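*Asks:*
Number of protein chains: 2
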Amino acid sequence: MDTETTDTIIRATGRSLCEYGYADLTMQRIAAESSVTTAAIHYHFDTKEELLNAFLDDLVDRFEQQVSCESSDPRQQLTTLLDAVFSPPKSSSDEFPVALMELKSQAPYHDTYRDRFHELDDTVRTVVTTAVEEGIESGYFADVDAEEIARFVSTAINGGHVRMVALGEEPAKTRNVVEDYLEGQLDWRPEERA
Amino acid sequence: MDTETTDTIIRATGRSLCEYGYADLTMQRIAAESSVTTAAIHYHFDTKEELLNAFLDDLVDRFEQQVSCESSDPRQQLTTLLDAVFSPPKSSSDEFPVALMELKSQAPYHDTYRDRFHELDDTVRTVVTTAVEEGIESGYFADVDAEEIARFVSTAINGGHVRMVALGEEPAKTRNVVEDYLEGQLDWRPEERA
Chain V
1 MDTETTDTII RATGRSLCEY GYADLTMQRI AAESSVTTAA IHYHFDTKEE
51 LLNAFLDDLV DRFEQQVSCE SSDPRQQLTT LLDAVFSPPK SSSDEFPVAL
101 MELKSQAPYH DTYRDRFHEL DDTVRTVVTT AVEEGIESGY FADVDAEEIA
151 RFVSTAINGG HVRMVALGEE PAKTRNVVED YLEGQLDWRP EERA
Chain R
1 MDTETTDTII RATGRSLCEY GYADLTMQRI AAESSVTTAA IHYHFDTKEE
51 LLNAFLDDLV DRFEQQVSCE SSDPRQQLTT LLDAVFSPPK SSSDEFPVAL
101 MELKSQAPYH DTYRDRFHEL DDTVRTVVTT AVEEGIESGY FADVDAEEIA
151 RFVSTAINGG HVRMVALGEE PAKTRNVVED YLEGQLDWRP EERA
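Here the protein sequences come in this chain order: V and R.
By full-length UniProt numbering, the letter at position 67 of the first sequence is numbered 67, and the numbering carries on one by one without gaps.
By full-length UniProt numbering, the letter at position 58 of the second sequence is numbered 58, and the numbering carries on one by one without gaps.
1) Assuming contact is defined by CB atoms lying nearer than 8 Å, are Gly168 (chain R) and Gly159 (chain V) in contact in what I supplied?
2) Please check if any C-beta of chain V sits within less than 8 Å of the C-beta of Lys104 (chain R).
3) Which runs of the alpha helix (DSSP H) at least 4 residues long sit entirely within the stretch 52-86 of chain V? Give them in chain order.
4) So Ala12 (chain R) is in the alpha helix (DSSP H); what residue range does that whole segment cover?
5) Which residues, in order along the stretch 110-127 of chain V, keep a beta-carbon less than 7 Å from a beta-carbon of chain R?
6) Residues in its own chain within less than 6 Å of Ile10 (chain R) by CB, not counting five upstream and five downstream?
7) Quick check on the burial criterion: 16 or more other C-beta atoms within 10 angstroms. Buried or exposed for His161 (chain R)?
8) Please report the Cβ distance between Val67 (chain V) and Thr80 (chain V), rounded to the nearest whole angstrom; I am assuming they are in contact, meaning their Cβ atoms lie under 8 Å.
9) Identify the continuous alpha helix (DSSP H) that holds His110 (chain R) and give its terminal residues.
10) Within the continuous alpha helix (DSSP H) that includes Tyr43 (chain V), where are the two ends?
11) Look at the Cβ atom of Val165 (chain R), then the Cβ atom of Ala107 (chain V), and state whether they are nearer than 8 Å.
12) Considering Cα atoms alone, identify which of V:Ser72, V:Ser34 and V:Asp2 is closest to His44 (chain V).
13) If you measure from the beta carbon of Arg163 (chain V) to each beta carbon in chain R, is any gap under 8 Å?
14) Which residues of chain V have a Cβ atom closer than 7 Å to the Cβ of Ala156 (chain R), listed in chain order?
15) If you measure from the beta carbon of Pro190 (chain V) to each beta carbon in chain R, is any gap under 8 Å?
16) Between which two residues does the alpha helix (DSSP H) harbouring Glu95 (chain R) extend?
17) Can you give the Cα-Cα distance for Glu183 (chain R) and Met27 (chain V), rounded to whole angstroms?
18) Is there contact between the stretch 121-128 of chain V and the stretch 142-154 of chain V, where contact requires at least three CB pairs shorter than 8 Å?
19) For the alpha helix (DSSP H) holding Ala146 (chain V), just list the boundary residues, first then last.
20) Does DSSP put Ala32 (chain R) in a helix, in a strand, or in coil?
21) For Asn97 (chain R), collect the residues of the same chain with a Cβ closer than 8 Å to its Cβ; drop the 5 residues on either side in sequence, then sort them by chain order.
22) Check whether the Cβ atoms of Leu120 (chain R) and Val60 (chain R) sit closer than 8 Å, and answer yes or no.
23) Please confirm whether Met27 (chain V) has its beta-carbon closer than 8 Å to some beta-carbon of chain R.
24) Are Pro74 (chain R) and Ser138 (chain R) touching if we call contact CB-CB under 8 Å?
25) Could you give the C-beta distance for Leu82 (chain V) and Arg175 (chain V), rounded to a whole number, given that I count them as a contact under 8 Å?
26) Where Tyr109 (chain V) and Arg15 (chain V) are concerned, what is the direct C-alpha to C-alpha distance, given to the nearest angstrom?
27) Going by C-alpha to C-alpha distance, which of R:Ile157, R:Ala32 and R:Ser35 sits closest to Asp122 (chain R)?
28) Can you check which of these residues, R:Tyr20, R:Gln185 and R:Ser34, is closest to residue 276 (chain R) by C-alpha distance?
29) Give me the Cα-Cα distance between Glu19 (chain V) and Leu52 (chain V), rounded to the nearest whole angstrom.
30) Check each candidate in V:Phe117, V:Thr8, V:Gln76 and V:Glu4 and name the one with the smallest Cα separation from Arg189 (chain V).
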């Protein structure tokens, strides 16, 4: 498959999803958003579901890259995760969290979307579990149940996403909730607030 | 306004929303779900937005009734809230959480929906804040920041809602997260697990 073309299509899918929403997303609109013809999009992706699977795969890949932290310091690993979740790149559209929430609402009807959301969730939980376990081992953190901490953090991240979309709340509010929790549980202080 | 008719329309709106989803919800479908004609629905509600406002108002009212607890025991007040959120009545549709998530995705485009979601959130946070403050005063709970606890609980409840829809996860998992947190913070033990 021609990577450059599929990349172009995937980017245009993201923009169209933000602009028109899930219900009004069509191959025609994606073509209009890009330099690619409707025929070419159909050549690469049979259905809207396939196209959105590719879009979500790309999202999962980029998220995994963002949270993969070169530092061996488990405190820095947690900060990198919180930055990736709560401070998305400025280039991303304001509507992106809404588009993502719409796709989450579609998950009950599309197992393939649901699989990708499980991948995202597994990524968050693995990063937290690994960092907490390493932090306990190296004496940075109090001795806690790392998987329980990870479940809390992932649930709060999901909650922050809904609150941003449904209530228009700043993601920083949820970041504070998570940081206060980690501070209390792990005896960890986020650097910027130390 | 004829309360019985509007009640019938609001119930039919809920069923149609669960069955067809937000994008495909029409006055015709709501009429087909009920004994009320399309003309009668238009007579009571000018637009789909007005109808969904009434649906959300009804939801807020019923939720407020569910969480209003006759017991003066703050521990029971928290249990009543968690029951209302995590153990909805058996009569409610499996699709209801999905329909509600779709409406949350629409909040950025409809301030009137957003206002109702703020009301729901305020209700949750007021119940928690009040119960925690009373529990501290009466010596049941440790001395904590009640509003901080309330923010945590509401964020986790929102997170549990997304996890149920996007991941197909049992709400009981999130209830455990909340209960463990309250247990740790307040020194409160949920009755059924004591």
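C-beta: ideal position from N, C-alpha, C; glycine also.
Values in this document were obtained by computation on a predicted structure and should not be read as measured data.
*Replies:* In terms of the structure at hand:
1) One-based indexing of the second sequence puts residue 168 (chain R) at position 168. One-based indexing of the first sequence puts residue 159 (chain V) at position 159. Result no, Cβ atoms of Gly168 (chain R) and Gly159 (chain V) do not sit closer than 8 Å.
2) Within the second sequence, residue 104 (chain R) is the residue found at index 104, counting from 1. Taking Cβ atoms only, chain V reaches closer than 8 Å to Lys104 (chain R), which makes this a yes.
3) 74-86
4) As a first step, residue 12 (chain R) is located in the second sequence; it is residue number 12 there, counting from the start. Thr3 to Tyr20 is the extent of the alpha helix (DSSP H) around Ala12 (chain R).
5) Arg114, Phe117, His118 and Asp121
6) As a first step, residue 10 (chain R) is located in the second sequence; it is residue number 10 there, counting from the start. These residues qualify, in order along the chain: Ala54, Phe55 and Asp58.
7) For this step, residue 161 (chain R) is matched to residue 161 along the second sequence. With 16 or more other Cβ atoms within 10 Å, it is buried.
8) Taking the first residue of the first sequence as 1, we reach residue 67 (chain V) at position 67. Taking the first residue of the first sequence as 1, we reach residue 80 (chain V) at position 80. With a Cβ gap of about 6 Å, Val67 (chain V) and Thr80 (chain V) count as contacting.
9) For the purposes of this step, residue 110 (chain R) is taken as the residue at position 110 of the second sequence. No alpha helix (DSSP H) contains His110 (chain R), which DSSP labels as neither H nor E.
10) As a working mapping, residue 43 (chain V) is identified with position 43 in the first sequence. Segment Thr38 to His44, the alpha helix (DSSP H) holding Tyr43 (chain V).
11) Your numbering for residue 165 (chain R) matches position 165 in the second sequence. Your numbering for residue 107 (chain V) matches position 107 in the first sequence. A contact, by the Cβ cut-off of 8 Å.
12) Along the first sequence, one-based indexing puts residue 44 (chain V) at 44. Of the candidates V:Ser72, V:Ser34 and V:Asp2, the one whose C-alpha sits nearest the C-alpha of His44 (chain V) is V:Asp2.
13) Along the first sequence, one-based indexing puts residue 163 (chain V) at 163. Closer than 8 Å to some Cβ of chain R, the Cβ of Arg163 (chain V) qualifies, so yes.
14) The residue labelled residue 156 (chain R) in the question sits at position 156 within the second sequence. Chain V residues near Ala156 (chain R): Thr155, Ala156 and Gly159.
15) Taking the first sequence and counting its residues from 1, one reaches residue 190 (chain V) at position 190. So no, Pro190 (chain V) is outside the interface.
16) In the second sequence, residue 95 (chain R) corresponds to position 95, counting from 1. Careful: Glu95 (chain R) lies outside any alpha helix (DSSP H) and carries neither H nor E.
17) In the second sequence, residue 183 (chain R) corresponds to position 183, counting from 1. In the first sequence, residue 27 (chain V) corresponds to position 27, counting from 1. Straight-line Cα distance between these residues: approximately 51 Å.
18) yes
19) As a working mapping, residue 146 (chain V) is identified with position 146 in the first sequence. Note, Ala146 (chain V): alpha helix (DSSP H), Ala146 to Val162.
20) Here residue 32 (chain R) is taken as the residue at index 32 of the second sequence, counted from 1. Helix, per DSSP.
21) Against the second sequence, residue 97 (chain R) aligns to sequence position 97. Looking at the sequence itself, residue 97 (chain R) is Pro, so the reference to Asn does not match. Correct list, in chain order: His161, Met164 and Val165.
22) Your numbering for residue 120 (chain R) matches position 120 in the second sequence. Your numbering for residue 60 (chain R) matches position 60 in the second sequence. Yes, Cβ-Cβ distance for Leu120 (chain R) and Val60 (chain R) is below 8 Å.
23) The sequence position of residue 27 (chain V) within the first sequence is 27, counting from 1. Closer than 8 Å: no.
24) Your numbering for residue 74 (chain R) matches position 74 in the second sequence. Your numbering for residue 138 (chain R) matches position 138 in the second sequence. Closer than 8 Å, so yes.
25) The residue labelled residue 82 (chain V) in the question sits at position 82 within the first sequence. The residue labelled residue 175 (chain V) in the question sits at position 175 within the first sequence. At roughly 6 Å, the Cβ-Cβ gap stays under 8 Å, so Leu82 (chain V) and Arg175 (chain V) are in contact.
26) Stepping through the first sequence from its first residue, residue 109 (chain V) is reached at position 109. Stepping through the first sequence from its first residue, residue 15 (chain V) is reached at position 15. Straight-line Cα distance between these residues: approximately 23 Å.
27) As a working mapping, residue 122 (chain R) is identified with position 122 in the second sequence. For Asp122 (chain R), the nearest C-alpha among the options comes from R:Ile157.
28) In the structure as shown, chain R begins at 1 and stops at 194. Residue 276 (chain R) is therefore absent and cannot be evaluated.
29) As a position in the first sequence, residue 19 (chain V) is number 19, starting the count at 1. As a position in the first sequence, residue 52 (chain V) is number 52, starting the count at 1. For Glu19 (chain V) and Leu52 (chain V), the distance between alpha carbons rounds to 15 Å.
30) By 1-based counting over the first sequence, the position of residue 189 (chain V) is 189. Nearest C-alpha to Arg189 (chain V): V:Gln76.
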